[in-house]
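All remarks here apply to the structure that follows.
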Amino acid sequence: MATSSAARPPDSRSTAVSGFGVAGNLYGYDPRGLRIRKQDSEGTKLLHLDGDHLDACYDDSGAVRAKYLRGTVIDEVVNGYVTDDEGALLSYTYHHDTVNSVVALTGHAGATEETTRYAPFGEELAVMLREVSLGKLRRDALKELSERTGVPDLSSFINAVIQAESMGTSIAAVLRVQAEQMRMKRRQRAEQQAQAAPIKMMFPLVLCIFPTLFLVILGPAGIQIYHQLVANGE
């Protein structure tokens, strides 16, 4: 069985990783703890940061491998330039939705290279965040999210978050309690389904399996009885 290992200094940042097909990756950090260097089987990559954001990526010779430009209206990457294996610089445009999540990637000619579609729950969260950004109170937006979805577990979670916010309780403690409760409910649902399985199996057994079994067992005996009656009648 393949194993992996990671070397970590006291500050818990990985400086080396190996195993699971990873051939000894090495990482370097700046004084703020942000990763600025990665060395793997493909070579050394130097990461240039603009504040806390990735601005560019260079190889060990100093050549630009990737460049990222952030928007003026949204603080997200809107354009990227990546160098391919032949040294050509390819341009990409990142398209965002109303909550600044990337939904599409187009090339320099305008052709769509990649698209991302989010689940219905993600779309509901986007609606809630958009309402909050437009000035609606967060607790009101959360209540409307609960009403729109109608999921009991989500409603319970939202009510706990609203109550914690109004009472000044730690959100981390609320999340831990809610996570434990959801795990307990999931186990209870699994146990209920396991207990109901024998009852659900009874109807297929009675209607499908038992008649076939009776036919296989009693069929030959019935045929012999029939032949015997015919012989006695003659």
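Here numbering that gives the first Met the number 0 is used: the first residue of the sequence shown is 0, the next is one more, and so on.
Beta carbons: idealized from backbone N, C-alpha and C, even for Gly.
Just so you know, these numbers come straight off a predicted model, no measurement behind them.
Judged by their CB atoms, V101 and H95 are nearer to each other than the 7 angstroms cut-off.
Close CB contacts of R147 within its chain, under the 7 angstroms cut and outside five residues either way in sequence, are with E123 (chain order). CA-CA distance, M201 to K135, rounds to 54 angstroms. In the displayed model, K184 falls within a helix according to three-state DSSP.
Per the coordinates, the alpha-carbon of S169 lies some 38 angstroms from the alpha-carbon of A55. In the structure shown, the three-state DSSP call for H226 is helix. As the crow flies, the alpha-carbon of D58 is around 37 angstroms from that of A118.
Look at the segment 37–68 and you find these whole runs of beta strand (DSSP E), each 3 residues long or longer: 42–49 and 52–58.
Following the DSSP letters along the chain, one finds V150 in no beta strand (DSSP E), marked with neither H nor E. In this model, A140 and E164 are separated by some 14 angstroms (Cα to Cα). In this structure, DSSP gives A103 an extended state, which the three-state scheme calls strand. Checking the DSSP bridge columns, you'll see G27 partnered with R36. In this model, Q180 and K142 are separated by some 20 angstroms (Cα to Cα).
About 5 angstroms separates the beta carbon of T82 from that of R64, a gap short enough to meet the 8 angstroms contact definition.
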